[in-house]
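**Q**
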Amino acid sequence: MKDRRFILARTRLLVPLSDALGEDTRITDGYVLTDGSRIKEVGCYSPERGREIVAECGSELLVLGAEPKDSYSEEDIPMLDGVALPGFIKCHGHDHESPIIGISKDEPLVDWLDHTVNMFTGFMNTRREELTERFGKSPNLIPYLKARLDDIHYGITSCLVNHTSFNKYRIDDLVSANLASGSKMTIAVGSSDQNYDPRVMETIDQAVDRLEQAQKSFGETERVEIIPGPDQIFSNSPEMLSALKNWADRYGKLVHVHSSEEPDTTRWFAEEYGKTPIEMAASAGFLNSYTLLAHQCNSTDRDLEIIRESGATVVHNPLANTIIGDGMPPIIRMMEMGIPVVISTDGAGAADNQNIINAARLAAQYQKAYHRDATLLPSLTLLKMITVDAARALRLNAGRLEEGKDADFIILDLKPSNLVPSRADNIIENIIWAADGNEVQWMVANGLLLRDDYRAVRLDEKMIKKETQQLSELMIEFRDRTEEIVATGIRGEQN
Ligand SMILES: [Zn+2]
162 MKDRRFILAR
172 TRLLVPLSDA
182 LGEDTRITDG
192 YVLTDGSRIK
202 EVGCYSPERG
212 REIVAECGSE
222 LLVLGAEPKD
232 SYSEEDIPML
242 DGVALPGFIK
252 CHGHDHESPI
262 IGISKDEPLV
272 DWLDHTVNMF
282 TGFMNTRREE
292 LTERFGKSPN
302 LIPYLKARLD
312 DIHYGITSCL
322 VNHTSFNKYR
332 IDDLVSANLA
342 SGSKMTIAVG
352 SSDQNYDPRV
362 METIDQAVDR
372 LEQAQKSFGE
382 TERVEIIPGP
392 DQIFSNSPEM
402 LSALKNWADR
412 YGKLVHVHSS
422 EEPDTTRWFA
432 EEYGKTPIEM
442 AASAGFLNSY
452 TLLAHQCNST
462 DRDLEIIRES
472 GATVVHNPLA
482 NTIIGDGMPP
492 IIRMMEMGIP
502 VVISTDGAGA
512 ADNQNIINAA
522 RLAAQYQKAY
532 HRDATLLPSL
542 TLLKMITVDA
552 ARALRLNAGR
562 LEEGKDADFI
572 ILDLKPSNLV
582 PSRADNIIEN
592 IIWAADGNEV
602 QWMVANGLLL
612 RDDYRAVRLD
622 EKMIKKETQQ
632 LSELMIEFRD
642 RTEEIVATGI
652 RGEQN
């Protein structure tokens, strides 16, 4: 079916997170109307307004949950038993990890990276020719498309993808997958020039040149933003960080890096260089309000002060941090200090899924238990950390349902038993505490329909799942017949 200019959704409940209406507004029998890639209006539904909309929009209207027609009448507009809310925004993830769930669990970060991520990206690189022939396309497209499917499954309409390690060379495939899926993507292009496997290291000139090329090729591409994403502070010299930040500043762009994630590496770094990773990044001029720090689990008091003064945002990834045993960042203290904190999933390999509702819930459960304080991180705050605040962090015109914002919204099905009873007074709480994340029944992003009654409409879901399964089986075969790829150079020194 051809895309239509207007999309109308009428739902039993609506949570707009709107500035104008008040962030805690919960509408009963509400509607969202999009016009092209923007939201036209949001409010309480009335049959009268319904009649006007079908008359005004004519054959360019698509009504969610109704049989597509060239001309709807008001009676055709169903009230969906769901809740409409802004699409979720993920500020830290790795699309290349989508096929590597459930591998090398119960291992610390550095071992897991070598046994899972580097093994997989190495396999994709060294077997590229063979895999291209077998699948009849660039094999990297398979994980990238699977990642788009996963995001759609969990209601994520915008994401930041950090493109690291061997994988950083396939930006074109990542862009293709994003265009095919209809989502919005910030691509943080990876780099490393120290403490890493020589096969993935490069010079500063090479890293900057690759960014420049990516910007030239995709700077104007719709729904794509190219930014520097040095893999880790430990794997990038201060000169590299400085050059990448200068490049970003020239274009007014964000920068993104993994920072102080795991305790051993963070400790080792401070001993080796006489500075914490944050002190090093600050001395390289890498930190300001355009900087996104993924993790920051292990901070000194001085680190937190430096981050606060810089205005940088911390991206908290509780699923990955707890599974890998990194520790959890002191987000309550950070937020009290005024450091912007958002919640994300990290890649599917570390988190084993992209369930961003679950990530928000875990963040709250941990902090409430740790501080023995149930009042911390109420549901509305958590919901904002994966919508409104995340949009601000990625500089997106999204995260709220109000006129002029990007037409990004999802409808969670309220029929599953776990979400009964849902009412206006408990809906925000239910989204965080009772939803299991699988209830995304409809998704609209940038005014395009991405999910229609649980069906991905722009992607070949069956093919993507089949190829991902095949690719993962080949990769496991490869693992059993090859030597380990150690791309995190500090592992030997730690042991
Ligand atoms: Zn990560």
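Just so you know, we're using the working numbering here: the sequence shown kicks off at 162 and counts up by one.
All C-beta atoms in this analysis are idealised placements derived from N, C-alpha and C, irrespective of residue type, glycine included.
Computed from a predicted structure; not experimentally measured.
Comparing alpha-carbon positions, which option in S198, N514 and D569 lies nearest L246?
**A** As a first step, residue 246 is located in the sequence shown; it is residue number 85 there, counting from the start. It is D569.
**Q** Between Q367 and V361, what straight-line distance do the alpha-carbon atoms span, to the nearest angstrom?
**A** In the sequence shown, residue 367 corresponds to position 206, counting from 1. In the sequence shown, residue 361 corresponds to position 200, counting from 1. In a straight line, the C-alpha of Q367 is about 12 Å away from that of V361.
**Q** Would D487 and H532 qualify as a contact pair, given that the criterion is a beta-carbon distance under 9 Å?
**A** Taking the first residue of the sequence shown as position 1, residue 487 is located at position 326. Taking the first residue of the sequence shown as position 1, residue 532 is located at position 371. No. Outside cutoff.
**Q** Tell me which same chain residues have a C-beta within less than 6 Å of the C-beta of A473, skipping the five on either side of it?
**A** Numbered from 1 along the sequence shown, position 312 holds the residue referred to as residue 473. Result list for A473: L448, T452 and L454, in chain order.
**Q** Going by DSSP, name the residue or residues bridged to M346.
**A** Within the sequence shown, residue 346 is the residue found at index 185, counting from 1. C320 and V385.
**Q** At a cut-off of 8 Å, is H276 close to ligand 1 when judged by its beta-carbon and the heavy atoms of the ligand?
**A** Start at 1 with the first residue of the sequence shown, and residue 276 comes out as number 115. Result no, Cβ not under 8 Å from ligand 1.
**Q** Taking contact to mean at least 3 C-beta pairs separated by less than 8 Å, is the segment 613-623 in contact with the segment 256-266?
**A** Flag = no, the segment 613-623 and the segment 256-266 do not touch.
**Q** Within the continuous alpha helix (DSSP H) that includes L541, where are the two ends?
**A** Sequence index remark: in the sequence shown, residue 541 carries index 380 (1-based). L541 -> alpha helix (DSSP H) spans S540 to M546.
**Q** Assuming Y233 contacts L222 (C-beta within less than 8 Å), just tell me the rounded distance between them.
**A** Here residue 233 refers to the residue found at position 72 of the sequence shown. Here residue 222 refers to the residue found at position 61 of the sequence shown. With 8 Å as the limit, Y233 and L222 qualify as a contact, their Cβ atoms being about 6 Å apart.
**Q** Mapping the DSSP letters down to three states, classify K566 as helix, strand or coil.
**A** Residue mapping note: residue 566 aligns to position 405 of the sequence shown, counting from 1. In the structure shown, K566 sits in coil (DSSP, three-state: anything other than H, G, I, E or B).
**Q** When you compare the segment 596-604 with the segment 554-564, are there three or more beta-carbon pairs, one atom per stretch, that lie closer than 8 Å?
**A** At 8 Å Cβ cutoff, the stretches do not touch.
**Q** So, under 8 Å CB-CB, G413 and N323 are touching, yes? Tell me the CB distance rounded to an integer number of Å.
**A** Numbered from its first residue, the sequence shown carries residue 413 at position 252. Numbered from its first residue, the sequence shown carries residue 323 at position 162. Not confirmed; about 20 Å, so no contact.
**Q** Determine the direct distance from the alpha carbon of G608 to that of N656, and round the result to whole angstroms.
**A** The sequence position of residue 656 within the sequence shown is 495, counting from 1. The sequence position of residue 608 within the sequence shown is 447, counting from 1. At N656, the pLDDT of 35 sits below 50, so the modelled position is not reliable and the matter cannot be decided from this model.
**Q** Could you give the residue range of the beta strand (DSSP E) that holds E202?
**A** Reading the sequence shown from its first residue, position 41 is the one you call residue 202. Unbroken beta strand (DSSP E) run through E202: R199 to C205.
**Q** Looking only at its own chain, which residues have a Cβ that is under 6 Å from the Cβ of D513, when we skip the five neighbours before and after it?
**A** As a first step, residue 513 must be located in the sequence shown, where it is residue number 352. Answer for D513: I262, listed in chain order.
**Q** Compute the beta-carbon to beta-carbon distance between Y315 and Q630, rounded to the nearest angstrom, for a pair I have assumed lies under 8 Å.
**A** As a working note, residue 315 is residue 154 in the sequence shown. As a working note, residue 630 is residue 469 in the sequence shown. Incorrect: roughly 20 Å between the Cβ atoms, too far for contact.
**Q** Exposed or buried, what is T506 when buried is set at 16 or more other beta-carbons lying within 10 Å of its beta-carbon?
**A** One-based indexing of the sequence shown puts residue 506 at position 345. T506 comes out buried.
**Q** Taking its Cβ as the centre, do 16 or more other Cβ atoms sit within 10 Å of A181, making it buried, or is it exposed?
**A** Working through the sequence shown from its first residue, we reach residue 181 at position 20. Exposed, because fewer than 16 other Cβ atoms sit within 10 Å of the Cβ of A181.
**Q** Taking 6 Å as the limit between beta carbons, can you name the residues of its chain near Q528, skipping five residues before and five after?
**A** Locating residue 528 in the sequence shown gives position 367, where the first residue counts as 1. Contacts found: I493, L537 and L538.
**Q** Considering just the uninterrupted stretch of the beta strand (DSSP E) at T195, what are its terminal residues?
**A** Position 34 of the sequence shown, counting from 1, holds the residue named residue 195. Here the beta strand (DSSP E) through T195 covers I188 to D196.
**Q** Using CA atoms only, rank isn't needed, just tell me which of P501, T287, D586 and A481 is closest to A520.
**A** Residue numbering aside, residue 520 sits at position 359 when the sequence shown is read from its first letter. The candidate whose alpha carbon is nearest that of A520 is A481.
**Q** Taking 8 Å as the line, does the beta carbon of G343 fall inside it for any heavy atom of ligand 1?
**A** Against the sequence shown, residue 343 aligns to sequence position 182. Outside the cutoff, so no.
**Q** Under the criterion of a Cβ to heavy atom distance below 8 Å, does D668 qualify as lining ligand 1?
**A** Nothing can be reported for residue 668: it is not among the residues displayed for the chain, which extend from 162 to 656.
**Q** In its own chain, which residues sit with a C-beta less than 7 Å from the C-beta of V601, not counting the 5 before and 5 after it?
**A** Translated into the one-based positions of the sequence shown, residue 601 becomes position 440. Once the five neighbours on either side are set aside, the close Cβ partners of V601 are H314, Y315, G316, I571, L573 and R612.
**Q** In terms of DSSP beta bridges, what is L175 paired with?
**A** For the purposes of this step, residue 175 is taken as the residue at position 14 of the sequence shown. According to DSSP, L175 bridges with I188 and A245.
**Q** With H398 and N459 assumed to form a contact (beta carbons below 8 Å), what rounded beta-carbon distance in angstroms separates them?
**A** Within the sequence shown, numbered from 1, the residue matching residue 398 stands at position 237. Within the sequence shown, numbered from 1, the residue matching residue 459 stands at position 298. It is Ser, not His, that sits at residue 398 in the sequence shown. Rounded, the Cβ-Cβ distance is 21 Å, inconsistent with contact.
**Q** Should M401 go down as buried or exposed, given a rule of 16 or more other Cβ atoms within 10 Å for buried?
**A** As a first step, residue 401 is located in the sequence shown; it is residue number 240 there, counting from the start. It counts as buried.
**Q** Would you list the one or two residues that DSSP bridges to S665?
**A** Residue 665 lies beyond the stretch modelled for the chain, which goes from 162 to 656, so this question has no answer here.
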